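Number 283 in the working numbering belongs to position 282 of the sequence shown; there are no gaps in the numbering.
Ideal placement from N, C-alpha and C gives every residue a C-beta, glycine not left out.
Keep in mind the model is a prediction, meaning the values are calculated, not measured.
Reviewing the structure listed below.
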Amino acid sequence: MGKRGLVLGGGGPVGIAWEIGLAAGLAEQGIEIGRADRIIGTSAGSFVGAQLASGRSPASLVASQVEQAQRDATARAAAAGSGSPSKAPDLTPLMKFMMRRPANESEAQALRVEIGQFALAAKTIPEDAFVGSFGHIASKGVGWPKGYACTAVDAVDGRFVVWDENSNVELGRAIASSCSVPGVFPPITINGRRYVDGGMRSGTCFDLATDCERVIAVAVVGNAATDFMRARIDGEIAALKTAGAKVELVLPNAECREAFGVNLMDGARRGDVARAGLKQGREEAARLKAFWN
Numbered sequence: 002m003g004k005r006g007l008v009l010g011g012g013g014p015v016g017i018a019w020e021i022g023l024a025a026g027l028a029e030q031g032i033e034i035g036r037a038d039r040i041i042g043t044s045a046g047s048f049v050g051a052q053l054a055s056g057r058s059p060a061s062l063v064a065s066q067v068e069q070a071q072r073d074a075t076a077r078a079a080a081a082g083s084g085s086p087s088k089a090p091d092l093t094p095l096m097k098f099m100m101r102r103p104a105n106e107s108e109a110q111a112l113r114v115e116i117g118q119f120a121l122a123a124k125t126i127p128e129d130a131f132v133g134s135f136g137h138i139a140s141k142g143v144g145w146p147k148g149y150a151c152t153a154v155d156a157v158d159g160r161f162v163v164w165d166e167n168s169n170v171e172l173g174r175a176i177a178s179s180c181s182v183p184g185v186f187p188p189i190t191i192n193g194r195r196y197v198d199g200g201m202r203s204g205t206c207f208d209l210a211t212d213c214e215r216v217i218a219v220a221v222v223g224n225a226a227t228d229f230m231r232a233r234i235d236g237e238i239a240a241l242k243t244a245g246a247k248v249e250l251v252l253p254n255a256e257c258r259e260a261f262g263v264n265l266m267d268g269a270r271r272g273d274v275a276r277a278g279l280k281q282g283r284e285e286a287a288r289l290k291a292f293w294n
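Written as structure tokens, this is what we have:
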């Protein structure tokens, strides 16, 4: 049947919840996307991809998202009661960078250098605390899942990197680097250098799966970024097809986008988003079953 690839895009805690729900809904219908020969994740997708590649049950991951949402709601209520209500991170400074449209790769790398400088100067939680926030999958000694890769960007020179089982990098630090949203989370130190979110090169990175014959490409597209992201998505899918791959693109449906809200970093929404993703996964199964199985 040919080598199967799964590519999971970025999208903050909301994206994590939706991709997990989607995977669970598909699994209910007999489509195990975690059994892909190659799984590539960027930012949110790096965390979800690592969990799926490690054999975690999508249903158990949905349950974890719902439980985390309940804990978040309790914490927010307590914070509000103390007069210090918590808020989702403000992405406005980062989006000013992201809305620029470099004309070529040289300009794009120069922009990533600017973003890296912004990230290095930001006040955030400590690196180790951020790595630890990913739980068991980020624990020292956890083996690198076969066929799994995730993306990051060097915060100093803007170089794009892909971490995999041959990179001699701890899995937890690789995932954290891929998820290090500039200005929100700390750049992650790996082999003496600092790295930030791979989404600074592309929020999807679908074009990395050119060695696969069949690819399910999953993009977390919110209400505010549909037009902005679509051109990049179309270009990356075109690159896959030029390389000979067959591709099925999965985007959030209207119900999921409504659940997302306006800020993909708003973790308080993760329970509702996971449930919406679960429903969409069930609905997508008829379209994807013959393609994948």
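| Asked | Found |
| --- | --- |
| Backbone CA spacing between residue 220 and residue 152 [nearest angstrom] | 15 Å |
| Close-in-space but distant-in-sequence residues of the same chain around residue 114 (CB under 7 Å, 5 per side omitted) | 158, 159 |
| With 16 other Cβ atoms within 10 Å as the buried cut-off, status of residue 81 | exposed |
| Cβ contact (3+ pairs, closer than 8 Å) linking the segment 111-127 and the segment 168-184 | yes |
| Run of the beta strand (DSSP E) containing residue 205, from where it starts to where it stops | Looking at the DSSP string, residue 205 is not in any beta strand (DSSP E), and its letter there is neither H nor E. |
| Top-ranked residue by Cα proximity to residue 126, from 193, 249, 187, 77 | 187 |
| Any 3 or more C-beta pairs closer than 8 Å across the segment 16-26 and the segment 40-56 | yes |
| Given residue 89 as reference, the closest of 241, 15, 275 once Cα atoms are compared | 15 |
| Where the beta strand (DSSP E) through residue 161 begins and ends | 161-165 |
| N-terminal and C-terminal residue of the beta strand (DSSP E) that residue 1 is part of | With the chain running from 2 to 294 in the structure shown, residue 1 is simply not present. |
| Residue 2 versus residue 100 - alpha carbon distance | Confidence at residue 2 is low in this model, with a pLDDT of 47, below 50, so its placement is unreliable and the value that follows should be read with caution. Going by the C-alpha atoms only, they are around 40 Å apart. |
| Reference residue 173, options 47, 64, 240, closest by Cα | 47 |
| Distance CB(residue 35)-CB(residue 7) smaller than 9 Å | yes |
| Strand pairing of residue 249, partner residues [DSSP] | 217 |
| Classification of residue 264 by the beta-carbon crowding that lies within 10 angstroms, buried from 16 upward | buried |
| Residue 62 versus residue 25: straight-line alpha-carbon distance, rounded | 8 Å |
| For residue 13 and residue 281, the rounded distance between their alpha carbons | 19 Å |
| Ordered list of beta strand (DSSP E) runs contained in the segment 32-118, each at least 3 residues | 39-42 |
| Backbone CA spacing between residue 230 and residue 198 [nearest angstrom] | 17 Å |
| Residues bridged to residue 15 [DSSP beta-bridge criterion] | Bridge partners of residue 15: none, in fact. |
| Alpha carbon of residue 201 to alpha carbon of residue 155, nearest angstrom | 10 Å |
| Contacts around residue 260, its chain only, beta-carbon distance under 6 Å, and the 5 residues preceding and following it disregarded | 273, 274, 277 |
| Distance between residue 33 and residue 291 (C-alpha atoms, nearest Å) | 12 Å |
| Where residue 6 falls: helix, strand or coil (DSSP) | strand |
| The beta strand (DSSP E) enclosing residue 197, as first and last residue numbers | 194-198 |
| Residue nearest to residue 237 in terms of C-alpha spacing, selected from 4, 246, 256, 207 | 207 |
| Of the residues 222, 79, 138, the one placed nearest residue 252, counting alpha carbons only | 222 |
| Selection from 266, 140, 255, 124 that minimises the alpha carbon distance to residue 284 | 255 |
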